Structure formats: structure tokens, C-alpha cells
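S.K.: One structure follows; several queries about it will come next.
Residue numbers (our numbering), protein chains in the order written: chain A, 1 to 107; chain B, 108 to 214.
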């Protein structure tokens, strides 16, 4: 979604942005999470039904990979929008919050 | 669960084990997966409700960590039971299957 010329307060960053603050990938992120949940439910059924451990591990690795990629999309989205505005507004708390989140996410 | 003295065919490894082949941690694994699903559903709701990206990333990292730990439990369980029997029976296919799964899981 392109940035709109109107201004609005962002409940996420706590600052006023020069656009209606809608994460362009919010729907995509929700869809990715919904797919990851469905995939994880399938893995749970596999374990309940006693499927081969190797197969379970392969499917679990696929879910983990999907979650990793979703995290990357959230981070990129946040960098492109909230962070750009936070930096412009000199909002160092928002930047530090994200740095802490990245540190916890990357480890 | 201690190994039982009776013999049974294992549908997972395809070989006959010197015990009723029940993964001792199957229930624990199912419970871990159920918790991870619930946690991921919470993360999805956070995104839908527009929560702070940093908070979403922290929760997503927690789910990933839970999935990693579940994979470890599955692997350890498999090593302690199926693999011990597969090695004893000279079932190299089962060993190779697991090695491939580990390779995909670790990357």
C-alpha cells in the first residue's frame, strides 16, 4: 500500500506518521501464520498417529522455516515503515525496542 | 516407560523391536505441539490486532524456540529407541533416513 498524504497516530510506534499506518504485509503475515498453524496441527496429528520420526522432523523443520520467514517479513515491514518514521522523529525508544527484539529473535 | 520384554513390530522403523514400541515422550511431544499451536494462534491475533512489531517478534522467537526444543525431544526419543534397535538389526536404511532428517532439521 502506498503511503497516504494524510497524517495519523500510530498505535504501534506511539508517534504520528505521515501516512495511515497500515503494514503493507499485515494480511500476508496473518496468512503465513495461519498456514504455519495448519502445518503444525498436521505435525501434531502425525505424532499422535505414530508417523515415522524422520518424517515428523522434516515437517517440523518446514514449520520452523515458515516461522523464520514470517519473522523476516515482519521485520522488513517494520524497518520500511515504523522505523523510518521513528528515526525521522528522533524516537530512540522505538529504535532500542526493535534492537532488543532483533537480538532476541536472532539468537 | 521401561522397555517391555515382549516383542512387537514397529510401524515406524519397519523392524521388530524387543519391546512394545511406544515413544516414551509421545504424549509430551503432542502437548508441546499443542502449546506451540496455541502460542502461534496468539501471535496471529497480535498481528491482526496491530500489536507492536517488537512484541510480535519476541513472541514468534518463543514459538520457534519451543519448536526447536520439541524437535530435540523427538530426536532424542528416536535415538534412544528406534535407532538402538535399527543398529542392532543392521537396518541401514532407517539410519540413513534419520541422518537425512537431521541434515534437513539442522540447516
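Cβ atoms here follow ideal geometry from the backbone N, Cα and C, with glycine treated the same way.
Here the structure is a predicted model, which means the values were calculated and not measured.
#1: Cβ closer than 8 angstroms: which chain A residues qualify as neighbours of residue 196 (chain B)?
#2: Take residue 132 (chain B) and list the residues in its own chain whose beta-carbon comes closer than 6 angstroms to its own, dropping the five residues that flank it on each side.
#3: In chain order, which alpha helix (DSSP H) runs of at least 4 residues are fully inside the stretch 115-195 of chain B?
#4: At a CB distance below 8 angstroms, what residues from the stretch 41-57 of chain A approach chain B? Give them in sequence order.
#5: Over what stretch of residues does the alpha helix (DSSP H) that includes residue 284 (chain B) continue unbroken?
#6: Which value, in whole angstroms, describes the spacing of the CA atoms of residue 174 (chain B) and residue 140 (chain B)?
#7: Quick check on this structure: which residue in A:52, A:46 and A:105 has the alpha carbon closest to the alpha carbon of residue 190 (chain B)?
#8: Within a Cβ cutoff of 8 angstroms, which residues of the same chain sit near residue 142 (chain B), ignoring the five residues on either side of it in sequence?
#9: Closer than 7 angstroms, CB to CB, is residue 97 (chain A) near chain B or not?
M.R.: Let's see:
#1: Taking the second chain and counting its residues from 1, one reaches residue 196 (chain B) at position 89. Within chain A, no residue comes near residue 196 (chain B); the closest Cβ sits about 16 angstroms away, beyond 8 angstroms.
#2: Within the second chain, numbered from 1, the residue matching residue 132 (chain B) stands at position 25. Excluding sequence neighbours, residue 132 (chain B) sits near 180 and 184.
#3: 133-155, 160-185 and 191-195
#4: 41, 43, 44, 47, 48, 50, 51, 52, 53, 54, 55, 56 and 57
#5: What the structure shows of chain B is the stretch from 108 to 214, and residue 284 (chain B) is not part of that stretch, so it cannot be assessed.
#6: Translated into the one-based positions of the second chain, residue 174 (chain B) becomes position 67. Translated into the one-based positions of the second chain, residue 140 (chain B) becomes position 33. Spanning the two alpha carbons is a distance of roughly 7 angstroms.
#7: Position 83 of the second chain, counted from the start, is the residue given in the question as residue 190 (chain B). It is A:52 whose Cα lies nearest to the Cα of residue 190 (chain B).
#8: The residue you call residue 142 (chain B) lines up with position 35 of the second chain. Answer for residue 142 (chain B): 173, listed in chain order.
#9: Residue numbering aside, residue 97 (chain A) sits at position 97 when the first chain is read from its first letter. Yes, contact with chain B.
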